[in-house]
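Quick note on numbering: the sequence shown equals residues 581 to 850 in this note's numbering. Backbone N, C-alpha and C fix where the C-beta goes; we use that ideal spot for every residue, glycine too. Note that the structure is a prediction, hence the values are computed from the model and not measured. Notes follow the structure.
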Amino acid sequence: MAGKRTLGASGLVVSELGLGAMDTPDSPEREETLNLALDLGIDFVDTARDYAGSEFLIGQVLRARGETPCVIASKTFSRTADGAQWDVDRSLQVLGLPNIPLYQLHDVRTMAVWEQVMSATGALAGLKIARYRGLIGHIGLTTHDLDVAGEAIVSGEFETIMLEYSAFYPDSGPLVQLAAQRGVGVIAMRPLGGSGRTSVLRGLQASGYDGPLTPANLLRYVLTNRSVSVAIPGARYPSRISENWATASALEPMPDADKEALESAAATLY
């Protein structure tokens, strides 16, 4: 059984292994994939208004199950208060939920965008209105930019931060620690590398590679960091859910020497 961790000051307690559901709708086994995740105990599912078919799939599965045994986190790509509120209302309709536990500003990629969403008429203001209305529970931000991440963490406005963190991208490690110190929950995206790396790794394994660079070791690397609240590898197929769950359930902390070796191996891939 995978462990539980607290998502920062939100107080939400979730499985340390979550599911990034961006690509799940692309699979012919999409319902089986999501149902297996929920059946095993994965209770943090990340989606977004801009992930084609993702909210729709989740809504279908939850309606069929007749329950919501998980924390759903969605996102708005809108940069304005009105647009963010519209996205929240649409997410509620598609997901079939009266309330979405976590709603995030999606991919705030530059300081210029940061200033836009933080303005008086920016998207954060819209999410605050939605929270006041009881439509969402907590507010987070996602970014691939370390400067933006740092600003978000120290701003005091966000209960969670989603950023890229893995052996391929260890540079965000200090920000992961800073977030934990500030009570900001850390959602680790692309824990297995993203950008096609996982497919490359599986191809290497199929051809006889027996080095340290494996999906299981990459997930161990991320979950070893106790400042990470939840890691959200994407999954299209039930087999990937099973593999990740087995790794998280048998988690043993990775020694520093092994982490360094994994980072070195990751740096040689691409």
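For my contact list, residue i and residue j are in at a C-beta cut-off of 8 Å; report their separation, rounded to the angstrom.
i	j	result
Ala582	Ser595	5 Å
Val802	Ala811	5 Å
Asn622	Leu592	Looking at the sequence provided, one finds Ile at residue 622 rather than Asn. About 14 Å separates the two Cβ atoms, so there is no contact after all.
Within this structure, are the beta carbons of residue i and residue j separated by less than 8 Å?
i	j	result
Ile680	Ile652	yes
Val764	Val808	no
Ile741	Leu721	yes
Leu616	Ile821	yes
Thr723	Arg762	no
Leu798	Leu849	no
Tyr745	Ala710	no
In the DSSP assignment, the beta strand (DSSP E) including residue i goes from what residue to what residue?
i	result
Ile821	First-last for Ile821: 818–829, but that is the alpha helix (DSSP H), not the beta strand (DSSP E).
Leu799	Looking at the DSSP string, Leu799 is not in any beta strand (DSSP E); the run it does join, the alpha helix (DSSP H), is 795–804.
Ile812	From DSSP, Ile812 is part of no beta strand (DSSP E); its letter is neither H nor E.
Quick check: the Cα distance between residue i and residue j, rounded to an integer number of angstroms?
i	j	result
Asp630	Ser671	10 Å
Gly646	Glu609	20 Å
Val756	Asp725	13 Å
Ser695	Ile733	The question names Ser, yet the displayed sequence has Glu at residue 695. Using only the alpha carbons, I get a separation of about 15 Å.
Gly774	Thr701	33 Å
Met698	Asp751	25 Å
Leu620	Glu823	12 Å
Leu642	Arg800	29 Å
Ile638	Val674	9 Å
Glu843	Ala837	10 Å
Take residue i as the anchor and find which of the options has the nearest alpha-carbon.
i	options	result
Pro649	Gly633, Leu677, Gln673	Leu677
Thr656	Ala703, Gly736, Ala847	Ala703
Leu758	Asp727, Asp669, Ala846	Asp727
Phe748	Ser634, Lys839, Leu592	Lys839
Phe738	Pro750, Tyr745, Lys708, Gly714	Lys708
Met602	Val625, Gly791, Thr586, Arg585	Val625
Arg816	Ser779, Ser607, Ile716, Asp687	Ser607
The alpha helix (DSSP H) with residue i in it runs from where to where?
i	result
Leu755	753–761
Arg645	634–645
Glu744	From DSSP, Glu744 is part of no alpha helix (DSSP H) but of the beta strand (DSSP E) over 740–744.
Gly663	661–675
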